[in-house]
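Let me begin by presenting the structure, written as structure tokens, before commenting on it.
Residue numbers (the working numbering), protein chains in the order written: chain A, -10 to 516; chain B, 773 to 1133.
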């Protein structure tokens, strides 16, 4: 069969037209389907609606609510979420049908402007008991008894009621001025999270909240100097277990499992457990009012909330400095160590090579966060080394392995002939390497070196696990106050781009300086 | 003076050098020839200690450089090596390539190293390339610079490891003439090469290597004109006579053309003659003999006498008597006859190949 040129074109046009119509139909049906899904119910109004197959109920990974949800809604699917703010957003966007958490936290979030969600009136379970957790290996004698005695005393004189009234009922976020103990008898290290309003959070860049006030008052009462360390809820129990901290002031709930590894004081607070669901009505309405003007206004509001209010930009700045410092030191030490390791292995020493292969295999085979946690909670657990130090060690090791591999590949690319030529001219092994091989290997190494630098900056985002307040952690802290998921995330992303740009700029400067002589000669060749 | 005593180099799966013995006197220019894989390169790499011998001794001016604890750097400073693949330093330009080792190893001041470099660049004819980088130069130019780099270190002995094997045929000449020029310097030179005419022209002594050792050692005249031992004879003859066996309908004629080109290049046969050899080969095989002798193998030999006696192309084949002058494609036969000096046919029923067509060009 022959097809004339024009016929063929017509055929193609018709075919394209058909595809186009099909695409439109598909899109339309997708939109219709999504709309239908969105409107599948008028919203959840009672607890019974949640106990259905296919209903997705979120609980925080680090919380105790999952046992309550399991008991109350046995037919529903439990979804574990890490980040409180993102969980709320998931409910607002319909990704989760409900989220079960401390009712007070969720109330506050809605009062602070969280949209698209509402709380069910009913509470579930008997409530969670929050208390001060005490490390089983703390060096401070009778810490638990002291805390209990302190709690009894402030209960008696009415201070406790006043603290509860201010933070938990009135939500007055002003931190009272509590003096430090003069002439302290001992040093108390307390773990907290800084992301749980109103218990422990940042107000005007200062650690504040119900737990923080309790801790400060206790330190004063007991005559102790007080130091706070910031952890994620995931890492906080391990830190106390390992003895990195003496106690936890973070509204930690008492459970049987936790009792096996930690000691708890008398209850400091009983938390009602509430259920957050999507607020279908108001969400739709807000969208329809939308438009670009509305978007811009909300963007401005987000910017103000995220950076300007309470001078939060200072938090971001300190986080950026931490991330930058961490990355730069790790790159510096990692480069030196990777080079040293390569030089040791270059001669083909079998023991050195086997050990190095094992080291590289170990480092490269492990997720960064796992390596970090192992070093912090196991290897250096007894040393009271700061999270920043352990992070630098971790990323130095990671970069060492990367530099070692890069050098190996770069030097292999130069070829054995160059080495033989140098030998035959009378060079020693060392001299030949530095004068002949390395200058030719570096151009092979540099491109991957730069991408490793960028990868390292991004990889440091996990140091929040070990009490380091880097850029990502600051983003979490700010989000826990502003109840905005979107803006701080984008801001943090932009910061990472800027930091990567800065580091690559530095690497480029060093590169130009190192090769300046050669470039000048190469350019001056035609003079 | 270099003395090789029972030198052995053993690899896990091969033994290129079994027992090498020789005395190399100062000022000798020695070509090392022989079939591929007979340890020619391994030998000179052992002498430069780039490969460590597994047995025997190498004495350089009486000192055993293979002895444990001997500083090989000391031996290497007296020797220079020119590699098949040049190995110029890619990050340095031409003059820096020549200066670097003088400064690093001989501790010469920069200006002196530069003077030496320029003098040697003039000697190899590349003074104008001083500022170029190696990757901007042709293979022949790179090899000449590699030679200058070696000379700058004032070696007593220069080792050449197939210096022209990696070169385009058009560049072989320039490198050979530089090496020929060096033979006037009275330096000891060892040259591994496949260019037998070159070897014959420049060397004072030739090592024919085979069977893991120096199989025959003699003057160029002896090795090339009157070899005493069988393998040498066969090697030299193979070099002088090209043999092509056309053994079936799928014979690789393009490959045969390449073989003829290589043979002509090795034997310094002019382009004009080369085309006539190819013409004779093609006419004889594809036009005259192949159509008739469908399954009879045809052996073609090409032999260039080099003494003005012309070049002989013979076609030998078995079977019944077949004289192409009497039968077959008469036109092609006449064309061939008109372009050559003589064309003749012999029949000898007792010979290995009964029929012979001889063409003299």
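For glycine and all other residues, C-beta sits at the position ideal for the given N, C-alpha and C.
Output yes or no for whether 7 Å exceeds the beta carbon distance between residue 1002 of chain B and residue 810 of chain B.
As a position in the second chain, residue 1002 of chain B is number 230, starting the count at 1. As a position in the second chain, residue 810 of chain B is number 38, starting the count at 1. Using a Cβ distance threshold of 7 Å, residue 1002 of chain B and residue 810 of chain B do not count as a contacting pair.
Neighbourhood of residue 382 of chain A by C-beta distance below 7 Å, restricted to the same chain and skipping five residues each side
Locating residue 382 of chain A in the first chain gives position 393, where the first residue counts as 1. Excluding residues within five positions, the ones whose Cβ falls inside 7 Å are 364.
Expected contact under 8 Å - CB spacing of residue 121 of chain A and residue 266 of chain A to nearest Å:
For this step, residue 121 of chain A is matched to residue 132 along the first chain. For this step, residue 266 of chain A is matched to residue 277 along the first chain. No, residue 121 of chain A and residue 266 of chain A are not in contact; Cβ-Cβ is about 33 Å, not under 8 Å.
Where the alpha helix (DSSP H) through residue 1148 of chain B begins and ends:
There is no way to answer for residue 1148 of chain B, as the model of chain B reaches only from 773 to 1133.
Buried or exposed for residue 454 of chain A, going by 16 or more other Cβ atoms inside 10 Å?
Here residue 454 of chain A corresponds to residue number 465 of the first chain, with the count starting at 1. By the neighbour-count rule (16 or more Cβ atoms within 10 Å), residue 454 of chain A is buried.
Determine which residues of the region 813 to 826 of chain B have a Cβ less than 7 Å from any Cβ of chain A, and write them out in chain order.
820, 822
Locate the alpha helix (DSSP H) running through residue 970 of chain B, then write down its first and last residues.
Translated into positions along the second chain, residue 970 of chain B becomes position 198. Where residue 970 of chain B is concerned, the enclosing alpha helix (DSSP H) stretches over 968 to 974.
Enumerated in chain order, which unbroken segments of the beta strand (DSSP E) with a length of 3 residues or greater are wholly contained in the region 964 to 1040 of chain B?
With a minimum length of 3 residues, the continuous beta strand (DSSP E) runs that stay inside the region 964 to 1040 of chain B are 977 to 982, 985 to 990, 1013 to 1018.
Mind listing the chain B neighbours of residue 416 of chain A? Cutoff is C-beta to C-beta under 9 Å, in chain order.
In the first chain, residue 416 of chain A corresponds to position 427, counting from 1. Chain B residues near residue 416 of chain A: 845, 848, 873, 876, 877.
Any beta carbon from chain B within less than 7 Å of residue 419 of chain A's own beta carbon?
Taking the first chain and counting its residues from 1, the one referred to as residue 419 of chain A is at position 430. No, no contact with chain B.
Say whether chain A places a C-beta atom closer than 7 Å to the C-beta of residue 925 of chain B.
Within the second chain, numbered from 1, the residue matching residue 925 of chain B stands at position 153. Contact with chain A is found for residue 925 of chain B, since one of that chain's Cβ atoms lies less than 7 Å from the residue's Cβ.
Could you pull the start and end residues of the alpha helix (DSSP H) that residue 789 of chain B belongs to?
As a first step, residue 789 of chain B must be located in the second chain, where it is residue number 17. No alpha helix (DSSP H) contains residue 789 of chain B, which is instead part of the beta strand (DSSP E) from 786 to 796.
Give the interface partners of residue 406 of chain A over in chain B, defined as CB-CB distance under 7 Å, in chain order.
On the first chain, position 417 is the one that residue 406 of chain A refers to. Per Cβ cutoff of 7 Å: 855, 857, 859.
Given that a residue counts as buried once 16 or more other Cβ atoms are within 10 Å of its Cβ, and exposed if not, what is residue 16 of chain A?
As a position in the first chain, residue 16 of chain A is number 27, starting the count at 1. Exposed, since its Cβ has fewer than 16 Cβ neighbours within 10 Å.
For residue 328 of chain A and residue 847 of chain B, the rounded distance between their alpha carbons:
For the purposes of this step, residue 847 of chain B is identified with residue 75 of the second chain, where counting begins at 1. For the purposes of this step, residue 328 of chain A is identified with residue 339 of the first chain, where counting begins at 1. Roughly 31 Å between the two C-alpha positions.
Proximity test, Cβ basis, 7 Å: residue 410 of chain A and chain B:
Within the first chain, residue 410 of chain A is the residue found at index 421, counting from 1. Yes, contact with chain B.
Measure the C-alpha to C-alpha separation of residue 826 of chain B and residue 780 of chain B and round it to an integer number of angstroms.
Numbered from its first residue, the second chain carries residue 826 of chain B at position 54. Numbered from its first residue, the second chain carries residue 780 of chain B at position 8. Approximately 6 Å, taken between the alpha carbons.
Does the beta carbon of residue 863 of chain B sit closer than 7 Å to a beta carbon anywhere in chain A?
Residue mapping note: residue 863 of chain B aligns to position 91 of the second chain, counting from 1. Residue 863 of chain B counts as touching chain A.
DSSP on residue 82 of chain A, reduced to helix/strand/coil?
If you number the first chain from 1, residue 82 of chain A lands on position 93. Three-state DSSP puts residue 82 of chain A in coil, outside helix and strand.
Flag residue 436 of chain A as yes if its beta-carbon sits less than 7 Å from any beta-carbon of chain B, otherwise no.
Locating residue 436 of chain A in the first chain gives position 447, counting from the first residue. Not an interface residue.
Taking Cβ positions only, does residue 458 of chain A come closer than 7 Å to chain B?
Against the first chain, residue 458 of chain A aligns to sequence position 469. Answer no: the Cβ-Cβ gap between residue 458 of chain A and chain B never drops below 7 Å.
Flag residue 429 of chain A as yes if its beta-carbon sits less than 7 Å from any beta-carbon of chain B, otherwise no.
On the first chain, position 440 is the one that residue 429 of chain A refers to. For residue 429 of chain A, the answer is yes, since a Cβ of chain B falls inside 7 Å of its Cβ.
By Cβ distance, which residues of its chain are closer than 8 Å to residue 262 of chain A, with the 5 residues on each side in sequence left out?
Residue 262 of chain A sits at position 273 when you count from the first residue of the first chain. Result list for residue 262 of chain A: 54, 57, 89, 90, 91, 92, 112, 113, 114, 116, 117, in chain order.
Alpha-carbon to alpha-carbon, residue 468 of chain A and residue 274 of chain A:
Against the first chain, residue 274 of chain A aligns to sequence position 285. Against the first chain, residue 468 of chain A aligns to sequence position 479. Interpretation of residue 274 of chain A is limited by its pLDDT of 44, a score under 50 that renders its predicted location unreliable; no figure is taken from the coordinates.
Beta carbon proximity, residue 124 of chain A to chain C, threshold 7 Å
In the structure shown, chain C cannot be found, because the protein chains are A and B.
Check for me: the beta strand (DSSP E) holding residue 362 of chain A runs from which residue to which?
For the purposes of this step, residue 362 of chain A is identified with residue 373 of the first chain, where counting begins at 1. Looking at the DSSP string, residue 362 of chain A is not in any beta strand (DSSP E); the run it does join, the alpha helix (DSSP H), is 357 to 362.
Ordered list of alpha helix (DSSP H) runs contained in the region 403 to 484 of chain A, each at least 4 residues:
405 to 413, 418 to 421, 427 to 448, 460 to 471
Is the region 461 to 476 of chain A close to the region 403 to 420 of chain A, with three or more CB pairs under 8 Å?
no
Length of the line joining the Cα atoms of residue 515 of chain A and residue 1008 of chain B:
Numbered from its first residue, the first chain carries residue 515 of chain A at position 526. Numbered from its first residue, the second chain carries residue 1008 of chain B at position 236. A caution first: residue 515 of chain A carries a pLDDT of 37, below 50, which makes its placement in the model unreliable, though a value can still be read off. Approximately 50 Å between the Cα atoms of the pair.
Beta-bridge pairing of residue 218 of chain A - partner residues as DSSP gives them:
Start at 1 with the first residue of the first chain, and residue 218 of chain A comes out as number 229. Under DSSP, residue 218 of chain A takes part in a beta bridge, and its partners are A:180.
Can you give me the Cβ contacts of residue 920 of chain B inside the same chain, cut-off strictly under 8 Å, excluding the 5 residues immediately before and after it?
For the purposes of this step, residue 920 of chain B is taken as the residue at position 148 of the second chain. Cβ neighbours of residue 920 of chain B beyond the five flanking positions: 870, 889, 892, 893, 895, 896, 898.
Should residue 403 of chain A be labelled buried (16 or more other beta-carbon atoms within 10 Å of its own) or exposed?
Position 414 of the first chain, counted from the start, is the residue given in the question as residue 403 of chain A. For residue 403 of chain A, the number of other beta carbons within 10 angstroms of its own is at least 16, and it is reported as buried.
Cβ of residue 94 of chain A within 7 Å of Cβ of residue 64 of chain A?
The residue you call residue 94 of chain A lines up with position 105 of the first chain. The residue you call residue 64 of chain A lines up with position 75 of the first chain. Against a cut-off of 7 Å, the Cβ pair of residue 64 of chain A and residue 94 of chain A comes out as no contact.
Decide if residue 1096 of chain B is buried, meaning its Cβ has at least 16 other Cβ atoms within 10 Å, or exposed.
By 1-based counting over the second chain, the position of residue 1096 of chain B is 324. The residue in question, residue 1096 of chain B, is buried, as its Cβ has 16 or more Cβ neighbours within 10 Å.
In this structure, what does DSSP give as the bridge partners for residue 70 of chain A?
As a working mapping, residue 70 of chain A is identified with position 81 in the first chain. A:49.
Secondary structure of residue 1094 of chain B, DSSP reduced to three states:
Along the second chain, read from residue 1 onward, the residue named residue 1094 of chain B stands at position 322. Looking at residue 1094 of chain B - three-state DSSP - the assignment turns out to be coil, as it is neither helix nor strand.
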